[in-house]
Every structure is written in C-alpha cells, then in structure tokens.
Amino acid sequence: MNMADRDKILRFYKGTEGEETAIHLVDAAEAVNKSRKFRSSDFLDPYGQEIAETIAANYTGIRVEFFGGYNGAERQCAALIHDDFMGTVNSDLQVITASWNERFYHLLHRDILGALMGLGIDRRNIGDLIISAGNVKIICTKKIADFIMNNLTTIGAAAVSCSYDELSSIPPREERCKEISATVASLRIDSVASSGYGTSRSKMTADIEADKLKLNWQSVKNPSQLVKEGDIISMRGKGRLEVFQIKGQTKKGRTGILLKRYI
C-alpha cells in the first residue's frame, strides 16, 4: 500500500466512530509491513473487526486473524500477520472469574462493566463478560489481569472475590434465535426496532436519543435513519436484531419484514 492508499482509508473513516480504531490498525499494518512479523490489537467490537478486515485486504502480504478467548466471542482482538512470519501468534489473553453471593445480589452486565470502568480500565482491554449465577468470567488482556485481581473487590454493593481461570473453561457461545414477522409503516430504524424489541415507537425514539441503539455497531443518531436487508440492530441487554428479509408492501402500503432476534 502506498501513502495515497493509506490516506484514502483514513479519510473514509474520518469523523466516524471507527476513526481512532482505523488509525491504530493502519499504524499496526505499517509496522507489520516493516518487521514482516505480526501485531495484535486490543479488543474490537464487530465494527472494529470489519475495519481490521478492510485494512488487511488493502495490504499485500498481510492477513488478519481474530481471537476472543472462546468460540463465538463478540469482542475479539485482531492479529495482523505478515505472510513471511512462520512463528506462533500469542493471544496474550487471560480470564478472571469474579464471584459474589447470588442469594443477595443479581448483577447485570452494566453493573460489572461499570465496576471495571470505575477502576479506570480502558474498555479496549476488556473482552466479553460471560455471566452466570453468582459469577462472571472476565476476558481481558494479560497486561491488566493482575490489576483486576488486586482491585476488583466490589461490584455495586456486592463483595466479590476474584480468581484466575482457564480460557478452556468457557463453553462455545450459544445464541437463541426468534423469528419475528411484522409490517411497518416505513423502514425507519425507530419503526423496525420497536417491532423487533416489542416496545412503542416513542420509547424507541427516546432510547435512540439516549444513545442506547446501534446499527451495524455504530451509534444511531437519527430515528429516521433507514435500514436495509442484512443490517444488524443491537441494544444492550436486549440482544441483536437482524433485518433478515424485506418482503415488500402490503395492500395497505405497509412494508413486510422478517427479523431474527438473537438473545
């Protein structure tokens, strides 16, 4: 890739939520080109992973591999690897199990993530949080594992104890899928999302204004934004919606859609 191509990629992401990620990944790709070895990123959401794939595709002799600690991880690190590199790519991931008394506390994803962020930890160093009754498995980079072990003593009002665990202890991700057939007045995201999540359009508009909704892993800025077939809508705590099929208009002028909701 020449300098003009590099600048073209960075201009494409300029002003978007992916701008900072694109800069880091382009710099990593440049380093790989020179060292002919590999560079690993911090954890990326699915949008960041798409950026990594785009950048790798624009560099001759560089491929990308992803690892998130277990099969089906949503947040994953990207390893940009030169074709000349014949060694082993180290994942440098660690899993910590934090446990609490489940008889008295029911902790949610936002509680756990909030506690970690409250310790000053960069979100990029935290992967998936796998929650079960009375504990959570925290996938993180090894560079912050000791810090979490020594400093995560409470989540909200709950006292927690932490211990190191094995990545092999995490089972593959299993997602339940529910198909939702509906008709909407238009393909505006507030209309489609309200059908998929079973809430009112006014409530969905309020959630969009509160920055709770993402379209293809980017924040939705306007409730009138249109969706298309194949788009992914996500909302924390409510799973993901895939716009699986747009069927066309009914006799009353409404648009038929088929959604898949993953929980």
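In the working numbering, the protein residues as written are 4 to 266. From the three backbone atoms N, C-alpha and C, an ideal C-beta is built for every residue, glycine too.
Burial state of residue i (16 or more Cβ within 10 Å)
i    : result
Y265 : exposed
T253 : exposed
H27  : buried
R176 : exposed
F107 : exposed
T208 : buried
L122 : exposed
S164 : exposed
K179 : Note that residue 179 is Arg in the sequence shown here, rather than Lys. Classification for R179: exposed.
S44  : buried
Delimiting residues of the beta strand (DSSP E) encompassing residue i
i    : result
F70  : 65-70
M238 : 235-238
S94  : Unbroken run through S94: none, as it is neither H nor E.
I249 : 242-252
I260 : 258-265
H85  : 79-85
Contact under 8 Å by Cβ, residue i with residue j
i    : j    : result
I99  : D168 : yes
I129 : F46  : yes
K250 : G259 : yes
H85  : G71  : no
A196 : L216 : yes
Y200 : K263 : no
D131 : A76  : yes
E20  : Q228 : no
V92  : E56  : no
From the options, residue whose alpha carbon lies closest to that of residue i
i    : options                : result
N104 : S205, Y200, V139       : V139
E182 : V246, S227, S197       : V246
I58  : A25, T156, G121        : A25
D95  : A148, L110, L116, A60  : A148
R243 : R39, P49, E20, D8      : P49
D10  : N61, I236, Q248, S43   : N61
A161 : S38, L110, A34         : L110
A81  : L218, A118, I54        : I54
Q248 : K206, M238, K231, I236 : K231
L83  : M120, G117, K40, H112  : K40
Endpoints, alpha helix (DSSP H) assigned at residue i
i    : result
V223 : Where V223 is concerned, there is no enclosing alpha helix (DSSP H), given that its DSSP letter is neither H nor E.
T3   : Given that the chain is displayed from residue 4 to residue 266, the structure contains no residue 3 and the question cannot be resolved.
A34  : 22-38
Y50  : 49-60
Beta carbon proximity, residue i to chain D, threshold 8 Å
i   : result
S44 : No chain D appears in the structure shown, which is made up of a single protein chain.
Any alpha helix (DSSP H) of 4 or more consecutive residues that is wholly inside the stretch 120-193: Counting only runs of 4 or more, we get 145-154.
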